[in-house]
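In my numbering, the protein residues as written are -14 to 150.
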C-alpha cells in the first residue's frame, strides 16, 4: 500500500465562492491559483500518493487540478467526492479511508485549511496513526493532536524527502 496524503480542493487551490468557480468551470475561465509551490507538491509525490477528498464532484475536482497543471500528481482514483456527506464527520472519514485502502492507498496524512475537520479527526482513536495538519497563516493556532503549518514544506513527509536527497 502506498502512503497517501489527502487534502481538500480548497486546500490545494485558492478558489472563489462555489457559485463563482462553478461558473468559471462552465465558461472554461478558471481563476484558481495553487496554494502551495509546485516544487513542494511534486517533491511529496515522489514518495507519497496525493489525494483529494472534496464535497465537489469528481468532474469539478478534475477541472481544477487540470487548470493547476497537476493532473499527473492527482490521478482520478486518488479522488473522492463526499457526495453531500459531512466532510468534517470522522465517521464518514472512516468510510473514505476504507475506500482509499481498497484502492491500494494507506491514509498517511490529512492536510486541510479547515480547523474543524482536523480537530475532529484528532479526537478519534482510529485516526491516531494519521498525521493531521492545519494550514493557516496564523502559526500560533494550537489544536491538540494537530500540527499547524503554513506550507507543505513544513510537513514530516517533506522533511523526510529532503533528508534522503
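Think of the CB as a built atom: it goes at the ideal place given N, C-alpha and C, for glycine as much as any other residue.
Since we're looking at a predicted model, the values are computed, not measured.
Exercise. Just checking my contact of residue 30 with residue 58 at CB under 8 Å: how many whole Å lie between their CB atoms?
Worked result: 5 Å
Exercise. For residue 86, which three-state DSSP category applies?
Worked result: helix
Problem set entry | Uninterrupted beta strand (DSSP E) stretches inside the stretch 96 to 150 (no shorter than 3 residues) | 116 to 120, 132 to 134
Exercise. Whole-angstrom Cβ separation of residue 38 and residue 26, contact assumed at under 8 Å?
Worked result: Contact doesn't hold; Cβ gap of about 16 Å is too wide.
Exercise. Leaving out five residues before and five after residue 101 in sequence, what residues of the same chain have Cβ atoms less than 6 Å from its Cβ?
Worked result: 73
For this session: Please determine if the stretch 129 to 143 and the stretch 90 to 98 are in contact, where contact requires at least 3 C-beta pairs separated by less than 8 Å.
Result: yes
For this session: Could you tell me which uninterrupted alpha helix (DSSP H) segments, each at least 4 residues in length, are contained entirely in the stretch 37 to 94, listed from first to last along the chain?
Result: 43 to 53, 75 to 87
Exercise. Does the separation of the CB atoms of residue 107 and residue 33 fall below 7 Å?
Worked result: no
For this session: Could you check the C-alpha separation between residue 3 and residue 121 for me, to the nearest Å?
Result: 21 Å
Problem set entry | Under the three-state DSSP convention, the category residue 17 falls into | coil
For this session: Could you tell me whether the stretch 48 to 65 touches the stretch 7 to 25, using the rule of 3 or more Cβ pairs below 8 Å?
Result: yes
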